[in-house]
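So the sequence lines, in the order shown, correspond to chains U and B. 0 is the number of the first residue of the first sequence in numbering that gives the first Met the number 0; add one for each residue after it. 0 is the number of the first residue of the second sequence in numbering that gives the first Met the number 0; add one for each residue after it. All C-beta atoms in this analysis are idealised placements derived from N, C-alpha and C, irrespective of residue type, glycine included. Since the structure is predicted, the reported quantities are computational estimates derived from the model, not experimental observations.
Protein chains: 2
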Amino acid sequence: MPGGFRNRGRGARRGGRGRRLCVLEPLVLLLLAESPSHGYRLVEQLATRFGVEILSPQTVYRTLQWLAEQGWIEADWELEETQGPPRKVYRTTASGEDALDVWSAEVAGLARTLESFQQSYRQLRQRS
Amino acid sequence: MPGGFRNRGRGARRGGRGRRLCVLEPLVLLLLAESPSHGYRLVEQLATRFGVEILSPQTVYRTLQWLAEQGWIEADWELEETQGPPRKVYRTTASGEDALDVWSAEVAGLARTLESFQQSYRQLRQRS
DNA sequence: CACACTATTCCCAAGTTGTCAATAGTCCAA
DNA sequence: TTGGACTATTGACAACTTGGGAATAGTGTG
């Protein structure tokens with residue numbers, strides 16, 4: 000389960016409720032910068048593109064609402080006929096593109112932290 | 000502020016309360032696997048070793064308590080005289096070493112997600 | 001017509017976090 | 001000796017996030 004913090008069994012680990020995904024905003028922002036999409040599809044895209052499978056759809060819809068409140072994305076109801084109820088299709092705004100750059104730097108910082116961890120971990124296991 | 004989710008200004012970003020570091024457990028576990036330490040020092044080590052500077056000490060102490068509840072770490076009050084109140088020095092247990100391996104795999108998954116993000120981000124910016 | 005799938009939104013309990021505060025020991029300067 | 005700075009841990013509480021359940025609703029299938 001790459002990239003994800005899946006919940007397995009109560010008490011087995013900290014998490015589940017209350018635990019933040021911590022990279023959902025930049026992921027969604029990037030997907031929308033690539034091409035407009037809607038909540039239901041983003042859940043699938045997050046899984047296939049980034050291996051993020053833990054998500055309850057709620058989390059994605061809420062992130063979408065929050066990103067829209069920041070003015071980083073905008074939505075319109077899709078006009079085409081669909082196989083189901085109407086879709087709310089989001090796309091990035093100009094300030095959303097700027098926000099993506101900021102988030103990207105943040106992600107790079109986290110990536111460096113993870114790299115440090117992995118390097119130290121390998122060294123520790125090599126010694127033994 | 001590499002690796003960190005610093006809080007700047009209210010409303011400017013999702014976070015502050017309720018925002019998780021999402022990699023604190025493996026980081027602390029690794030540091031303790033390298034050598035025993037105590038809460039106050041771990042806060043410093045997290046900053047210098049991993050660039051994690053956002054932490055309120057509380058978060059670290061709580062993580063320590065939780066890791067101890069899992070049986071992954073154990074503590075004794077330090078016997079030596081110190082420059083201050085007594086320290087609770089934690090060290091990993093055998094099952095803690097196993098847990099570190101599991102967490103390491105989890106971290107690797109998150110690292111892959113971040114890599115995917117960064118690669119897609121670079122491609123997006125190259126195109127424009 | 002019931003059922004599965006698509007698609008979004010609201011509400012709540014459970015869990016996590018930062019802030020404030022309390023407690024306390026050591027060291028140093030006024 | 002009294003106050004302040006630093007070391008060190010813990011408790012309580014409000015603010016915030018999340019997953020699950022439920023509500024709403026359109027479309028396609030048996």
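- Rounded to whole angstroms, the separation of the alpha carbons of Glu77 of chain U and Arg86 of chain U is 5 Å.
- A direct Cα-to-Cα measurement between Trp71 of chain U and Thr62 of chain B gives close to 34 Å.
- Secondary structure within the stretch 29 to 82 of chain B: the beta strand (DSSP E) runs of 3 or more consecutive residues, fully enclosed, are 72 to 76 (chain order).
- Taking 8 Å as the upper bound for CB-CB distance, Gln117 of chain B and Ala110 of chain U are in contact here, some 7 Å apart.
- Where Arg90 of chain U is concerned, the enclosing beta strand (DSSP E) starts and stops at Lys87 to Thr91.
- For a cut-off of 8 Å, the C-beta gap from Asp97 of chain U to Val88 of chain U is around 21 Å, too long to register as a contact.
- When DSSP states are grouped into helix, strand and coil, Pro25 of chain B belongs to the helix group.
- In this structure Arg48 of chain B is not in contact with Ser127 of chain U, their Cβ atoms being roughly 19 Å apart against a cut-off of 8 Å.
- Approximately 7 Å separates the beta-carbon atoms of Val22 of chain U and Leu113 of chain B; this is inside 8 Å, confirming the contact.
- The beta carbon of Gly95 of chain B sits no closer than 8 Å to any beta carbon of chain U.
- Chain U places a beta carbon closer than 8 Å to that of Tyr120 of chain B, counting this residue as a contact.
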